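Reading through the structure tokens given below for one structure.
Number of protein chains: 2
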Amino acid sequence: MIQKLLHEGVEVETSIDGYDAANFPEITAEKQGHRHPVHTVVVTHFELARMIERVNRRFASLLRTEMTKLGVEDVGPAQAMVLLAIGDVELSVGELLDRGHYVGSNISYYLKQLADGGYIDRVASQRDKRSARIRLTERGEQLCANLRDAGGAYNRVLARDDDDLRNLEIAFQTLHRLELVWGNAARYGI
Amino acid sequence: MIQKLLHEGVEVETSIDGYDAANFPEITAEKQGHRHPVHTVVVTHFELARMIERVNRRFASLLRTEMTKLGVEDVGPAQAMVLLAIGDVELSVGELLDRGHYVGSNISYYLKQLADGGYIDRVASQRDKRSARIRLTERGEQLCANLRDAGGAYNRVLARDDDDLRNLEIAFQTLHRLELVWGNAARYGI
DNA sequence: CAAGTTTACTTCAAAATTTGAAGTAAGTTA
DNA sequence: TAACTTACTTCAAATTTTGAAGTAAACTTG
Numbered sequence: 001m002i003q004k005l006l007h008e009g010v011e012v013e014t015s016i017d018g019y020d021a022a023n024f025p026e027i028t029a030e031k032q033g034h035r036h037p038v039h040t041v042v043v044t045h046f047e048l049a050r051m052i053e054r055v056n057r058r059f060a061s062l063l064r065t066e067m068t069k070l071g072v073e074d075v076g077p078a079q080a081m082v083l084l085a086i087g088d089v090e091l092s093v094g095e096l097l098d099r100g101h102y103v104g105s106n107i108s109y110y111l112k113q114l115a116d117g118g119y120i121d122r123v124a125s126q127r128d129k130r131s132a133r134i135r136l137t138e139r140g141e142q143l144c145a146n147l148r149d150a151g152g153a154y155n156r157v158l159a160r161d162d163d164d165l166r167n168l169e170i171a172f173q174t175l176h177r178l179e180l181v182w183g184n185a186a187r188y189g190i
Numbered sequence: 191m192i193q194k195l196l197h198e199g200v201e202v203e204t205s206i207d208g209y210d211a212a213n214f215p216e217i218t219a220e221k222q223g224h225r226h227p228v229h230t231v232v233v234t235h236f237e238l239a240r241m242i243e244r245v246n247r248r249f250a251s252l253l254r255t256e257m258t259k260l261g262v263e264d265v266g267p268a269q270a271m272v273l274l275a276i277g278d279v280e281l282s283v284g285e286l287l288d289r290g291h292y293v294g295s296n297i298s299y300y301l302k303q304l305a306d307g308g309y310i311d312r313v314a315s316q317r318d319k320r321s322a323r324i325r326l327t328e329r330g331e332q333l334c335a336n337l338r339d340a341g342g343a344y345n346r347v348l349a350r351d352d353d354d355l356r357n358l359e360i361a362f363q364t365l366h367r368l369e370l371v372w373g374n375a376a377r378y379g380i
């Protein structure tokens, strides 16, 4: 029964928290013609992608707001994400590319701005002089720390109890699976 | 014990599928100083956001590839996402804005291109002539159908069994919660 | 070890996307 | 009916992303 649905999408049941299928007419419309009456919706490949796109947009604008509050003017949210991706370790540009699935020239561009703003240091590796080693400066660490501070409030709202923790874990790992599937498909075809 | 962690992040346990904490040194680095030895990582607010950003990038490039395969040249993946957001119903620009949390001028811009390409029809509403009613044309529906067709393969890979289904559901709903929390925070402050 | 290849990144220009301020025209309200 | 709000559009500017070259160091192979 479920197998028959796989061409169409992924059968799921509601509902976490305030979520209500009625908010998603475009989804509920797709459950036509199968047997479960209520509290069963079908999440397709594209539903997920659209959700991810929306959530990403929301987060970017949130981050922009936080940065404005912090008085950061010289770099934008995209660059801040790069800083967070670097974290507290020293790494090469290539490693950074892997971390965010960025395109090379894109990261290069961001790193230039971040270096100009004094948020990172770049040193040519001793072992391999082609490879630039990147690390946060005091200033970069400070910005990350401030952002993480501001983020604490969200962590508290999002993770109220064990159920939330479990769900966040599953969401994280499922997204990772999407990342792999979509990434491999891009490289080798599905 | 968990409550103490909430300032830092969300405690979770591994692992779905091929996921291995070793792939995420930036996360495992954060589990310093708490008691679980292995298979326990901390997913912060920003870990999730970065994951979402990455997955979104992957999907966009996948979509671009699919569209190239289909020979679609006149619109890009962002516009295709708008088409998918419209779906098979007729709606106003405002409703579309809500569906994707777009900015008005942005959607206007996309709709112009989609209309120029013959993918959508816009008709002024009879009841309220300010309001444009949008709907897919034959051509728009065809593109969506083709994309959905191509997407079937991903649905099959992603949803192999009941466990997958459950996880995808939870991921979807958890993302929806993120959407709400991040969105409300943006509007009212947290 | 010289010549060619690959790797690791950078640069630049062009394209795509997003934002924000200003505009228009229809509806609503006082 | 004047003022305000809503629903969108337009345009210019900013931001982000792509893609094609380019550079220089490291490998590899005859």
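Chains as they are written, first to last, in the numbering used here: chain X, 1 to 190; chain S, 191 to 380.
Glycine residues also receive a C-beta, built at the ideal position from the N, C-alpha and C atoms.
Small disclaimer: the values here were computed from a predicted structure and weren't measured.
Notebook entry, point to check: Per DSSP, what kind of secondary structure is Leu136 (chain X) in: helix, strand or coil?
Noted result: strand
Item checked: Contacting positions in the stretch 39 to 58 of chain X - beta carbon closer than 9 Å to chain S -> Val41, Val43, Thr44, His45, Phe46, Glu47, Leu48, Ala49, Arg50, Met51, Ile52, Glu53, Arg54, Val55, Asn56, Arg57 and Arg58
Item checked: Helix, strand or coil at Arg122 (chain X) according to DSSP, with G and I counted as helix -> strand
Note to self: Counting only beta-carbon separations shorter than 8 Å, does Tyr378 (chain S) have a partner in chain X?
What the structure shows: no
Notebook entry, point to check: Between Gln79 (chain X) and Leu48 (chain X), is the Cβ-Cβ spacing less than 8 Å?
Noted result: no
Notebook entry, point to check: Using 8 Å as the limit for Cβ to Cβ distance, is Ser298 (chain S) near chain X?
Noted result: no
Check: For Tyr154 (chain X), which residues in chain S fall below 8 Å Cβ to Cβ?
Finding: His235, Val371, Trp372, Ala375 and Ile380
Next item on the list: Would you give the residue range spanned by the alpha helix (DSSP H) that Gly100 (chain X) belongs to?
Entry: Val93 to Gly100
Check: By the criterion of Cβ-Cβ separation under 8 Å, what are the contact partners of Met271 (chain S) in chain X?
Finding: Ala49, Arg50 and Glu53
Check: Where does Val89 (chain X) sit, in a helix, a strand or coil, going by DSSP?
Finding: coil
Notebook entry, point to check: When DSSP builds the beta bridges, which residues end up paired with Val103 (chain X)?
Noted result: Answer is none; Val103 (chain X) lacks a bridge partner.
Item checked: N-terminal and C-terminal residue of the alpha helix (DSSP H) that Ala159 (chain X) is part of -> Here Ala159 (chain X) belongs to no alpha helix (DSSP H), and DSSP marks it neither H nor E.
Check: How about Asn167 (chain X): is its C-beta nearer than 8 Å to some C-beta of chain S?
Finding: yes
Item checked: Buried/exposed call for Val293 (chain S), threshold 16 Cβ in 10 Å -> exposed
Next item on the list: Tell me whether Gly261 (chain S) sits in a helix, a strand or coil according to DSSP, three-state version.
Entry: coil
Next item on the list: Would you grab the beta carbon distance between Ile107 (chain X) and Val82 (chain X) for me? Rounded to a whole angstrom, and I think it's under 8 Å.
Entry: 7 Å
Note to self: For Phe214 (chain S) and Asp128 (chain X), I'd like the C-alpha separation in whole angstroms.
What the structure shows: Confidence is the limiting factor: at Phe214 (chain S) the pLDDT is only 43, short of 50, which leaves the residue's position unreliable, though a coordinate-based value still follows. So the alpha carbons of these two residues sit roughly 24 Å apart.
Check: For the candidate residues S:Leu253, S:Ile324 and S:Tyr299, whose alpha-carbon lies nearest to that of Val283 (chain S)?
Finding: S:Ile324
Item checked: Neighbouring residues, chain S, relative to Thr65 (chain X) (Cβ below 8 Å) -> Ala376
Checklist line | Straight-line gap, Glu179 (chain X) to Gln316 (chain S) (C-alpha atoms, nearest Å) | finding: 45 Å
Item checked: Cβ-based burial, Thr68 (chain X) [other Cβ within 10 Å; buried from 16] -> exposed
Checklist line | Cutoff 8 Å: Ala171 (chain X) Cβ touching any chain S Cβ | finding: yes
Check: Is Leu114 (chain X) close to chain S, meaning its C-beta is less than 8 Å from at least one C-beta of that chain?
Finding: no
Checklist line | Nearest candidate by alpha-carbon position, reference Gly307 (chain S), set S:Ala314, S:Gly330 and S:Gly290 | finding: S:Gly330
Checklist line | Status (buried if at least 16 other CB within 10 Å, exposed otherwise) for Gly261 (chain S) | finding: exposed
Item checked: Leu136 (chain X) versus Arg50 (chain X): straight-line alpha-carbon distance, rounded -> 33 Å
Margin query: When you compare the CB positions of His176 (chain X) and Tyr344 (chain S), do they come within less than 8 Å of one another, or not?
Written below: no
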